[in-house]
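If you read the protein sequences in the order shown, they are chains A and B. Here the working numbering is used: the first residue of the first sequence is 20, the next is one more, and so on. Here the working numbering is used: the first residue of the second sequence is 20, the next is one more, and so on. A short write-up of the structure that comes next.
Protein chains: 2
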Amino acid sequence: MEHWHRSPLALFVSEEGGLAKRSSNANGDRPGGKPTINDVARLSGVSKKTVSRVINNSPLLNDETRERILKVIAELGYVPNPQARALALRRNFLIGLIHDNPNAQMVLNVQHGILEALQDTDFALVIRPVDRTSPHMLDDIRNFLERQRLFGVVILPPISENDQLARLCDELGCRYARMGSAELDDPDHMVASNDRQAVREAVAHLVEHGHRTIGIVQGPHGFRSATERRLGFEDALKTAKIKLPRSLMAEGNYTFESGIAAANRLLDLAPPPTAIFASNDEMAAGVVHAARQRGLSVPEDLSIIGFDDTSIAAHMWPPLTTVRWPIISMARSAALKLVGDVAHPDREVDEPSMFLSTLVRRSSVAAPRQ
Amino acid sequence: MEHWHRSPLALFVSEEGGLAKRSSNANGDRPGGKPTINDVARLSGVSKKTVSRVINNSPLLNDETRERILKVIAELGYVPNPQARALALRRNFLIGLIHDNPNAQMVLNVQHGILEALQDTDFALVIRPVDRTSPHMLDDIRNFLERQRLFGVVILPPISENDQLARLCDELGCRYARMGSAELDDPDHMVASNDRQAVREAVAHLVEHGHRTIGIVQGPHGFRSATERRLGFEDALKTAKIKLPRSLMAEGNYTFESGIAAANRLLDLAPPPTAIFASNDEMAAGVVHAARQRGLSVPEDLSIIGFDDTSIAAHMWPPLTTVRWPIISMARSAALKLVGDVAHPDREVDEPSMFLSTLVRRSSVAAPRQ
DNA sequence: TACGTATTGGAAACCGGTGTCATTGACAAT
DNA sequence: ATTGTCAATGACACCGGTTTCCAATACGTA
């Protein structure tokens, strides 16, 4: 009955292709007017719901119908409106990146890794650098999350070490995945690397070359990565039964300039260290710079190891021996933790939560002079 | 009539504040459930429209009513749903950044500049790196723009020089602002710098130091920035009445490695140049690297000038004399061109379209040896 | 007193999708 | 012949805002 009633209606619409088209054109007249699900439904002679089923790959749908609708969709160049979907589904398709990391290469690598994970999904990446030193930082982030209603955020170190931020995300119903140098959270919310072990091996590498007076340029106090890397440094020296006076431990703030300053403090010692481990590549580059200013050659007079393996490490002179932090893979994994069950409901595998850093041997390490 | 039917209904709803509250609480029960405009309206005893007027700062509204509603909004912690607004307003609040620039520092600076412009607006920044070498690049971008329906995009060089991309944006009804080294488009769609003039001055700086055999490491063929900078180079030599043999013009592709290769070609000449201008800092760093490998010291044996003034320029050894490209200001201006009339309807000033680059003198230029 | 008129508030439609539930017809089981 | 089941599809309300249009009220004026 209904069917008989509708069939001519469908025909009517079909016959009135001109009308339907006119409507579509009226849409096209104002610039940016796109065809909607209603246009597709009218032209295919089905209901919106059925078109919606096509869009969402619903299995309960006749193949023939699906084909017909797909054809109309292609002809019209129809693309579903993401804002409308977001409204109806009560979630949007935006992943945020929250960071306060000064290292451009690292940030870009993370963006790259996240976008790899978001490839072929409906998700886009919105970025949000924050100012760690601002007293309103948490309020700013809250504001941002409330306004944008992101599906989830990836949080880069060092801000990822801030537990208040994680709690804020929970409170606002925003998924999050933290990246860091140690397990600060449960595996669902954390992608970590084993910095401590990696540094242990890197410093052991220096010991193997015969170094006994080894300095460290630590990261800034209060940073988990700084702590982990220092612990790895101490582990290695303890294993090698080498005493570690406080004077050989200088502190920087992860910038090139702070690396120069810290190196100068270490190289002023008597005797000066024959090797220095720096907690990141930027500071390692600063150490190289300081050494050169003093007329020391690297690695002959001073061996240096960095951490991160950002592009500066390969491009500086001499190319820097450093610890490669698998940042892109970690970022990809973090993003997949966020969107995995939505974007790839078929995939069963859990994303790994722990990644291994490895030593990259270049030319900044040699045996000490006699 | 209808009215009389409805008026008690409105009263009913209003009287049932308890019910409204329960509904609001029911909302709060499922995590992430936020209060909506309806909750605000019910609790304030007004209609949605009135609340909407408050949100949008409509002037036709009693001050007392406004205050009352604002109080409820504050109590509830209400934040308008951006997806719902986007749907109703037929535009969203996303600005895209399309780039294929390999320089991390530059990309981050641009992101920074754009975010400065988006500060205190409802807009967020979504990023989209593209692969210039991919044959589907334009299709990928089309796909991206169609799916996300961005309000507008900022396009970074070198991809900003692609006119097809600009036309694509037009076709899809997406605003765009291109950044570049020359005026490739009308001022509404373009933020340009005067690379040619800046390079002219930079090379004149070399001439003033007494250099007569000056080489150039150009950017890759087909890049407008490369052309502009080469033209500036030629201008300067012509002004100084210096002949420029083809052999002194090497080509790179803006990477560190290509800078090394190009420098080696130039330094193999007899006589070799005493100064080299490189079209960007990365290649300039490569030139320094190549010189050092040959036992030449910089700037004593070879003076070098770069372009961009990215962080590598200040951090390398010796600190690089280079042309500062005002990238952050340009990016900010580009973003303001996109959102200005929406986000700051009161501001009347037009964003500038032309920015001046300036020479930054550091330590990589000296007089040539005798 | 009656009548414009400006100000303020509300009902209902709409933006473009999705969820819930009902309906239909075909076919199998009783 | 009747009933039950199931696949396929549709009707309709809903998501949370904005807009259109009209009603109610207050006010000044003829």
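Idealized CB from N, CA, C, for every residue including glycine.
Query                                                                                                                                                         : Result
Taking the alpha-carbon positions, what's the A:A281 to A:P337 distance?                                                                                      : 20 Å
Does the beta-carbon distance from A:S244 to A:D214 come in below 8 Å?                                                                                        : yes
So, at 8 Å on beta carbons, what are the nonlocal neighbours of A:L267 in its own chain, with the 5 sequence-adjacent residues on each side left out?         : T232, I233, G234, I235, L285, L288, P292
Compute the Euclidean distance between the alpha carbons of A:P121 and A:R147, then round it to the nearest angstrom.                                         : 13 Å
Helix, strand or coil, according to DSSP, for A:Q138 in the structure here?                                                                                   : coil
Would B:L184 pass as an interface residue toward chain A - the criterion being a Cβ-Cβ separation below 8 Å?                                                  : no
I believe B:V149 touches B:I117 by the beta-carbon criterion, under 8 Å. Please report the beta-carbon distance rounded to the nearest angstrom.              : 6 Å
What residues from the stretch 334-345 of chain B come within 9 Å of chain A, judged by C-beta to C-beta, listed N to C?                                      : H334, M335, W336
Under DSSP, the beta strand (DSSP E) around A:Q237 begins and ends at which residues?                                                                         : 233-237
In whole angstroms, what is the alpha-carbon distance linking B:S316 and B:F326?                                                                              : 20 Å
Taking A:L144 as the reference, which of A:R166, A:I114, A:M198, A:I324 has the closest Cα?                                                                   : A:I114
Any Cβ of chain A within less than 8 Å of the Cβ of B:F170?                                                                                                   : no
Quick one: what's A:M125 bridged to in DSSP?                                                                                                                  : Answer is none; A:M125 lacks a bridge partner.
Roughly how many angstroms separate the alpha carbons of A:D365 and A:M209, rounded to a whole number?                                                        : 22 Å
Identify whether B:H118 lies in helix, strand or coil by the three-state DSSP scheme.                                                                         : strand
Determine the burial state of B:R380: buried for a count of at least 16 other Cβ atoms within 10 Å of its Cβ, exposed for fewer.                              : exposed
Between the C-alpha atoms of B:A353 and B:C193, what's the straight-line distance to the nearest angstrom?                                                    : 14 Å
What are the complete alpha helix (DSSP H) segments, minimum 4 residues, inside the stretch 260-340 of chain B?                                               : 275-286, 300-312, 330-334
CA-CA distance, A:L191 and B:E94?                                                                                                                             : 16 Å
Thinking C-alpha only, which one of B:F296, B:G132, B:A123, B:N111 is nearest B:L169?                                                                         : B:N111
Give a yes or no on whether the C-beta atoms belonging to A:H228 and A:A332 are separated by under 8 Å.                                                       : no
Count Cβ pairs between the stretch 365-378 of chain A and the stretch 293-311 of chain A that sit closer than 8 Å; are there 3 or more?                       : no
Could you tell me how far apart the beta carbons of A:P78 and A:D141 are, in whole angstroms, since I believe they sit closer than 8 Å?                       : That belief does not hold up - the Cβ atoms of A:P78 and A:D141 are roughly 20 Å apart, past 8 Å.
By a C-beta neighbour count over all protein chains shown, 10 Å radius and 16 as the cutoff for buried, is A:R72 buried or exposed?                           : buried
So B:T377 is in the beta strand (DSSP E); what residue range does that whole segment cover?                                                                   : 377-379
Rounded to whole angstroms, what is the Cα-Cα separation between A:V226 and A:T258?                                                                           : 10 Å
Buried or exposed: B:V126, going by 16 or more other Cβ atoms within 10 Å of its Cβ?                                                                          : buried
Between B:I133, B:P99, B:G199, B:E270, which has its C-alpha nearest B:S179's C-alpha?                                                                        : B:G199
Specify, as a first and last residue, the run of the alpha helix (DSSP H) that A:S348 falls within.                                                           : 346-362
Which runs of the alpha helix (DSSP H) fall wholly inside the stretch 157-240 of chain A and span at least 4 residues, in chain order?                        : 182-190, 214-227
I believe B:M302 touches B:G251 by the beta-carbon criterion, under 8 Å. Please report the beta-carbon distance rounded to the nearest angstrom.              : The pair is not a contact, with the Cβ atoms about 16 Å apart (cut-off 8 Å).
Give me the Cα-Cα distance between A:K90 and A:L62, rounded to the nearest whole angstrom.                                                                    : 10 Å
Measure the CB-CB distance between B:L187 and B:R161 and report whether it falls below 8 Å.                                                                   : yes
Please report the distance separating the alpha-carbon of B:V406 from that of A:I295.                                                                         : Residue 406 of chain B lies beyond the range of chain B shown here (20 to 389); nothing can be said about it.
Between B:V342 and B:A217, which are expected to be in contact by the criterion C-beta below 8 Å, what is the C-beta distance as a whole number of angstroms? : 5 Å
If you drop the 5 nearest sequence neighbours on each side, which residues of the same chain put their C-beta closer than 8 Å to that of B:E276?              : G305
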